[in-house]
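Protein chains in written order, with the numbering used here: chain A, 746 to 981; chain B, 746 to 981.
Reviewing the structure listed below.
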DNA sequence: ACGTATTTGTTCGTATGTATC
DNA sequence: GGATACATACGAACAAATACG
């Protein structure tokens, strides 16, 4: 070579271009070091030097024994005063989306009843939603509302496809986050499928209680986020 | 039996007693259904009915193909205005503990520098600590402080074994949480060992920036919690 | 529970080109 | 030119983590 540019730099540039160009999607596995060494007809060390550069630039992540993976672009989910999925995502200049998974009226179980301060068995509306960001699934969230307070909520939701707007049609103009609990655990088989995760990816689970402006509890929600694509931010 | 109490209830009671009495520690594997069936001289179905009852009560967790496990008693970690491990744990009527893993002075890397709003390479004190609750490891936390502002911090820490008290001896009486980011990921091999986790357990990772009462950034901390033993609580 | 294959991590040694004094 | 230091590149072997049957 007489280019005056180190081979490993050229390789790093080529790979960076491949990633930027979408040849490897976020989170996808890159070819092995051996395969890349063959492709570029260089020693494995040279490929490793190029990959180290990409790691420094935060473009890929290397896991011993598993491989090299294109970095996920993580969504920074600002958990503020107001729990509003679409607003929070939009403020990151990303495209919020999603679809309804289930919606039904059912009696409150122990957990829901305790959170909403109602008696066990009291009817609640349950709305379960898949949340998407930039057309990729990111969360499954189950929301529970006392049925008596919000008649017709599910019907409204089917028209509006937005919890905020559905509550507005029930006469609730504003609601606030009271408390949020955060856990992490291994994803269940169903979560792996719905969130399109690779096995062993954890889920970040939040349990939130939200109130109206009078402090009355109006919603209990459980959300499960794909842990590799999200970061929750709590500011004081 | 002619006791008038269903056999499965008696078995459930016995097992619940065993667990409460500490015969099986939190997170430990219980005997297999087959073994329990033999021990109580009943059919496996009867044991399963008893276990189902314990699951309902939240005392155990069943994983298909792996076994039945005593539920971890999860620590409710209230992430409030003041980041103080011992205080937060004590307020749950649990015994906080821990030990120093590493302490050294080093130049700030990109991440630390950005968080503390200092130049890359500026000297910082790094204190890495293992956190324990009721004598069980629960967290690994790395704390970074600008060295110039807190001379002798590491020395004080070696005497005090408490960040709050060490900062006090540097003249800082109070400090506050500014922002906290929460992530979840698979635990590394080292984390598995240090936190005494079983493979594939996730870690809950928090990244916190803390300030003095004037709002000046004085600490950047990364904590990795054993996800199966902790729940973070953020109240508004 | 265990061995086997795969993949990345580490450490030797060797050689060459380039910049500096 | 010569001496030296440094970055680059190749080769081989083994260690460590992971995946899979």
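Just so it is clear, CB atoms sit at the ideal spot from N, CA and C, and this is done for glycine as well.
Please tell me whether residue 773 (chain A) has its Cβ less than 8 Å away from any Cβ of chain B. Along the first chain, read from residue 1 onward, the residue named residue 773 (chain A) stands at position 28. No, no contact with chain B.
Beta-carbon contacts of residue 971 (chain B) that lie in its chain and below 6 Å, excluding the five residues immediately before and after: By 1-based counting over the second chain, the position of residue 971 (chain B) is 226. Once the five neighbours on either side are set aside, the close Cβ partners of residue 971 (chain B) are 883, 940, 942.
Out of B:885, B:915, B:896, state which residue places its alpha-carbon closest to the alpha-carbon of residue 936 (chain B). As a first step, residue 936 (chain B) is located in the second chain; it is residue number 191 there, counting from the start. Nearest C-alpha to residue 936 (chain B): B:885.
Span of the beta strand (DSSP E) holding residue 877 (chain B)? Here the question's residue 877 (chain B) lines up with position 132 in the second chain. 868-878 is the extent of the beta strand (DSSP E) around residue 877 (chain B).
May I ask you to list, following chain order, the residues of the stretch 917-937 of chain B that have a beta carbon less than 9 Å from some beta carbon of chain A? 921, 922, 923, 924, 925, 926, 927, 928, 929, 930, 931, 934
Around the Cβ of residue 754 (chain A), are there at least 16 other Cβ atoms within 10 angstroms (buried) or fewer (exposed)? Here residue 754 (chain A) refers to the residue found at position 9 when the first chain is read from its first residue. Exposed.
Identify the contact partners of residue 778 (chain B) in chain A, using a Cβ-Cβ distance below 8 Å as the criterion. Position 33 of the second chain holds residue 778 (chain B). Those within 8 Å of residue 778 (chain B) in chain A number zero; the least Cβ separation is about 21 Å.
Could you give the residue range of the alpha helix (DSSP H) that holds residue 751 (chain A)? As a position in the first chain, residue 751 (chain A) is number 6, starting the count at 1. Here residue 751 (chain A) belongs to no alpha helix (DSSP H), and DSSP marks it neither H nor E.
Does the stretch 813-832 of chain B come within contact of the stretch 961-975 of chain B, defined as at least 3 CB pairs closer than 8 Å? yes
Leaving out five residues on either side along the sequence, give the residues of the same chain with a beta carbon under 7 Å from the beta carbon of residue 909 (chain A). As a working note, residue 909 (chain A) is residue 164 in the first chain. Here the set comprises 829.
Going by beta carbon distance, what residues of the same chain come within less than 6 Å of residue 958 (chain B), once the five residues before and after it are set aside? Position 213 of the second chain, counted from the first residue, corresponds to residue 958 (chain B). Only 919 meet the Cβ criterion.
Does the stretch 891-904 of chain A come close enough to the stretch 861-869 of chain A to have 3 or more Cβ pairs within less than 8 Å? Result yes; three or more Cβ-Cβ pairs closer than 8 Å.
Does the pairing of the stretch 896-913 of chain B with the stretch 870-880 of chain B give three or more beta-carbon distances under 8 Å? yes
Are there three or more Cβ pairs, one per stretch, closer than 8 Å when the stretch 849-865 of chain A is compared with the stretch 759-779 of chain B? no
For residue 845 (chain B), count neighbouring Cβ atoms within 10 angstroms of its own Cβ and tell me buried if that reaches 16, exposed if not. On the second chain, position 100 is the one that residue 845 (chain B) refers to. Exposed.
Would residue 1020 (chain B) be called buried (16 or more neighbouring beta carbons within 10 Å of its own) or exposed? With chain B covering 746 to 981 only, the question about residue 1020 (chain B) has no answer from this structure.
I need the boundaries of the beta strand (DSSP E) containing residue 840 (chain A), first residue and last residue. For the purposes of this step, residue 840 (chain A) is taken as residue 95 along the first chain, with counting starting at 1. That residue, residue 840 (chain A), is in no beta strand (DSSP E); it is neither H nor E in DSSP.
Verify the CB distance criterion: does residue 746 (chain A) have a CB-CB separation below 8 Å to chain B? For the purposes of this step, residue 746 (chain A) is taken as the residue at position 1 of the first chain. Residue placement at residue 746 (chain A) is poorly supported in this model, since its pLDDT is 39, which falls under 50; the coordinates are not used for a value here.
Which of helix, strand or coil DSSP assigns to residue 817 (chain A): The residue you call residue 817 (chain A) lines up with position 72 of the first chain. If DSSP states are grouped into helix, strand and coil, residue 817 (chain A) belongs with coil.
Does residue 746 (chain B) come out as helix, strand or coil in the three-state DSSP assignment? Position 1 of the second chain, counted from the start, is the residue given in the question as residue 746 (chain B). The predicted position of residue 746 (chain B) is uncertain, since its pLDDT is 48 and thus under 50; no value can be drawn from it.
Host beta strand (DSSP E) of residue 930 (chain A) (start-end): Residue mapping note: residue 930 (chain A) aligns to position 185 of the first chain, counting from 1. Looking at the DSSP string, the run of the beta strand (DSSP E) that includes residue 930 (chain A) is 920-931.
Check for me: the alpha helix (DSSP H) holding residue 890 (chain A) runs from which residue to which? For the purposes of this step, residue 890 (chain A) is identified with residue 145 of the first chain, where counting begins at 1. Per DSSP, residue 890 (chain A) belongs to no alpha helix (DSSP H); it is in the beta strand (DSSP E), 881-891.
Let me check one thing: in DSSP terms, what residues is residue 951 (chain B) bridge-paired to? Residue numbering aside, residue 951 (chain B) sits at position 206 when the second chain is read from its first letter. Answer is B:927, B:968, bridged to residue 951 (chain B).
Using a Cβ cut-off of 8 Å (strictly closer), state whether residue 979 (chain B) contacts chain A. In the second chain, counting from the first residue as 1, residue 979 (chain B) sits at position 234. Yes, residue 979 (chain B) counts as interfacial toward chain A.
May I ask which residues mark the beginning and end of the beta strand (DSSP E) holding residue 977 (chain B)? Stepping through the second chain from its first residue, residue 977 (chain B) is reached at position 232. Element bounds for residue 977 (chain B): 975-980.
Residue burial classification, residue 963 (chain B) (beta-carbon count within 10 angstroms, cutoff 16): Taking the first residue of the second chain as 1, we reach residue 963 (chain B) at position 218. It is buried - the Cβ of residue 963 (chain B) has at least 16 other Cβ atoms within 10 Å.
For residue 938 (chain A), does the count of other Cβ atoms within 10 angstroms reach 16, so buried, or fall short, so exposed? Within the first chain, residue 938 (chain A) is the residue found at index 193, counting from 1. Result: exposed.
Within chain B, the residues that residue 947 (chain A) reaches when beta carbons sit closer than 8 Å: For the purposes of this step, residue 947 (chain A) is identified with residue 202 of the first chain, where counting begins at 1. Using a Cβ-Cβ cut-off of 8 Å, residue 947 (chain A) is close to 929, 930, 931, 947, 972 of chain B, given in chain order.
Own chain partners of residue 880 (chain A) with C-beta closer than 8 Å, once the 5 adjacent residues on each side are dropped: Within the first chain, numbered from 1, the residue matching residue 880 (chain A) stands at position 135. 840, 842, listed in sequence order.
I'd like to know whether the C-beta of residue 961 (chain A) is nearer than 8 Å to at least one C-beta of chain B. Here residue 961 (chain A) corresponds to residue number 216 of the first chain, with the count starting at 1. No, because no Cβ of chain B sits closer than 8 Å to the Cβ of residue 961 (chain A).
Through-space distance from residue 756 (chain A) to residue 747 (chain A), alpha-carbon basis: Along the first chain, one-based indexing puts residue 747 (chain A) at 2. Along the first chain, one-based indexing puts residue 756 (chain A) at 11. Confidence at residue 747 (chain A) is low in this model, with a pLDDT of 41, below 50, so its placement is unreliable and the value that follows should be read with caution. Looking at the two C-alpha atoms, the distance is approximately 15 Å.
Short Cβ contact (8 Å threshold) for residue 795 (chain B) with residue 805 (chain B): By one-based count along the second chain, residue 795 (chain B) stands at place 50. By one-based count along the second chain, residue 805 (chain B) stands at place 60. Result no, Cβ atoms of residue 795 (chain B) and residue 805 (chain B) do not sit closer than 8 Å.
Secondary structure of residue 848 (chain A), DSSP reduced to three states: Locating residue 848 (chain A) in the first chain gives position 103, counting from the first residue. Of the three classes helix, strand and coil, the one that applies to residue 848 (chain A) here is strand, per DSSP.
Among the residues of its own chain, which have a CB less than 6 Å from the CB of residue 952 (chain B), if the five just before and after it don't count? Working through the second chain from its first residue, we reach residue 952 (chain B) at position 207. Correct list, in chain order: 926, 967.
With distances taken between CB atoms, is the gap from residue 979 (chain A) to residue 860 (chain A) smaller than 8 Å? Counting from one through the first chain, the residue named residue 979 (chain A) turns up at place 234. Counting from one through the first chain, the residue named residue 860 (chain A) turns up at place 115. Result no, Cβ atoms of residue 979 (chain A) and residue 860 (chain A) do not sit closer than 8 Å.
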